[in-house]
Amino acid sequence: MSYRKFTFWSPITILSLVSLGLSLGCSVGALAVQAPTLTPTLIKTPRPTYTSTPRRTPTFTPSPTSTATSTPTQTPTPTPTPTPDKKAKPAAPPAQESAPEEPTATPTPAEPAATPTPAYPFQMTYYTHDTGSPGETRMTAWIRVDYGPGQFKTLAGFQMKALAPDGNTYLSEVSGSGFGDSTVKGTGDNHNMNTKLEFKPYTSGAYKIFLVEGGTQVSPEIEVTLGVDPRQYVHFDFFKQEQK
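Residue 1207, in the numbering used here, is where the sequence shown stops; the numbers in between run on with no holes.
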């Protein structure tokens, strides 16, 4: 009895299980069909917003318009009609064209005139001799007026002035009316003299010599140099020319 029951219920049980499985499968399929499908959402990246800056529009300033000034209209003046003379005068001959003027030469400025040397009444010559001595500086002179060849007169009252190289000034003795020998006749260094200048010791260098009368210069100035070796002595002739 129990075996038969088992044999009878077994197919039924199997069928029930199969039906239950199918029902479960359909239910699962239905659930699978009914599940919502996920739709992808597109996320947009926000773009930057640009604010445009308005450009400046230049303001046009109108230039002032010049107002034309009316030009006065000149009224023509009637030209008087010449009345013909009964006696017609002959027409003047045409003026002759003058020759073109020659360019004026630019004057050349004149050279400045040299300062004239004062005119002195006396002239002078001098003689240098290598016969000086170490004891003194010596100079002699003869002051005279010449009237002609071999005719003369020795003059008194004059002095020979010397500006020495050491800065000192020397005056000779006042000249006399007679003359003598400057050294010794026949020695080659002798001259007629009527004044002399001597000072110690012998001093070489350049000397400026001229003749004075009462402190006034009456002859040109001349420069002579006394050498160191040999030592020297100098003689001067101061003379002027006159007619007798």
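Cβ coordinates follow ideal geometry from the N, Cα and C atoms, glycine included.
Could you have a look at Leu-1160 and say whether DSSP puts it in helix, strand or coil? Taking the first residue of the sequence shown as position 1, residue 1160 is located at position 197. Looking at Leu-1160 - three-state DSSP - the assignment turns out to be strand.
When you compare each of Met-1102, Gly-1139, Pro-1072 and Thr-1179 to Arg-1194 by their alpha carbons, which one comes out closest? Taking the sequence shown and counting its residues from 1, one reaches residue 1194 at position 231. Answer by Cα proximity: Met-1102.
Suppose you measure from the CA of Glu-1074 to the CA of Tyr-1083; what does that come to, to the nearest Å? Here residue 1074 refers to the residue found at position 111 when the sequence shown is read from its first residue. Here residue 1083 refers to the residue found at position 120 when the sequence shown is read from its first residue. Straight-line Cα distance between these residues: approximately 26 Å.
What is the rounded straight-line gap between the Cα of Val-1108 and the Cα of Lys-1148? As a working note, residue 1108 is residue 145 in the sequence shown. As a working note, residue 1148 is residue 185 in the sequence shown. The alpha-carbon atoms of Val-1108 and Lys-1148 are separated by roughly 23 Å.
Between Phe-1201 and Ser-1182, is the Cβ-Cβ spacing less than 8 Å? Residue mapping note: residue 1201 aligns to position 238 of the sequence shown, counting from 1. Residue mapping note: residue 1182 aligns to position 219 of the sequence shown, counting from 1. Yes, Cβ-Cβ distance for Phe-1201 and Ser-1182 is below 8 Å.
7 Å Cβ shell around Ala-1119 - same chain, five flanking residues per side excluded: Here residue 1119 refers to the residue found at position 156 of the sequence shown. Answer for Ala-1119: Ser-1138, Gly-1139 and Ser-1140, listed in chain order.
For Asn-948 and Thr-1100, what's the separation of their Cα atoms in angstroms? The displayed coordinates of the chain run from 964 to 1207. Any statement about residue 948 would go beyond what the structure contains.
Entirely within the stretch 1117-1181 and at least 3 residues each: give me those beta strand (DSSP E) ranges in chain order. 1122-1126, 1132-1134, 1158-1162 and 1168-1176
Are Val-1197 and Thr-1091 close, meaning C-beta to C-beta below 8 Å? Working through the sequence shown from its first residue, we reach residue 1197 at position 234. Working through the sequence shown from its first residue, we reach residue 1091 at position 128. Result yes, Cβ atoms of Val-1197 and Thr-1091 sit closer than 8 Å.
Applying the 10 Å Cβ sphere with the 16-neighbour rule, what's the burial state of Leu-978? Here residue 978 refers to the residue found at position 15 when the sequence shown is read from its first residue. Classification for Leu-978: exposed.
Span of the beta strand (DSSP E) around Val-1191: Taking the first residue of the sequence shown as position 1, residue 1191 is located at position 228. Run containing Val-1191: none; DSSP gives neither H nor E here.
Any beta carbon from chain B within less than 8 Å of Val-1147's own beta carbon? The structure shown contains no chain B; it holds only a single protein chain.
Nonlocal neighbours in the same chain, by C-beta distance under 6 Å from Pro-1128, ignoring five residues either side: Residue mapping note: residue 1128 aligns to position 165 of the sequence shown, counting from 1. Closer than 6 Å at Cβ, skipping near neighbours: Gly-1168 and Ala-1169.
To the nearest angstrom, how far is the alpha carbon of Ser-1135 from that of Asn-1153? If you number the sequence shown from 1, residue 1135 lands on position 172. If you number the sequence shown from 1, residue 1153 lands on position 190. Spanning the two alpha carbons is a distance of roughly 18 Å.
Backbone CA spacing between Gly-1111 and Gln-1086 [nearest angstrom]: Sequence index remark: in the sequence shown, residue 1111 carries index 148 (1-based). Sequence index remark: in the sequence shown, residue 1086 carries index 123 (1-based). Roughly 15 Å separates the two Cα atoms.
Please list the terminal residues of the continuous beta strand (DSSP E) segment that includes Tyr-1083. Within the sequence shown, the letter at position 120 stands for residue 1083. Tyr-1083 -> no beta strand (DSSP E), and no H or E assigned at all.
From Met-1123, Phe-1142, Thr-1146 and Tyr-1089, residue whose alpha carbon lies closest to that of Phe-1115: Residue 1115 sits at position 152 when you count from the first residue of the sequence shown. Selected option, being the one with the closest Cα: Phe-1142.
Counting along the chain, where does the beta strand (DSSP E) carrying Asp-1109 start and finish? In the sequence shown, residue 1109 corresponds to position 146, counting from 1. Unbroken beta strand (DSSP E) run through Asp-1109: 1100-1111.
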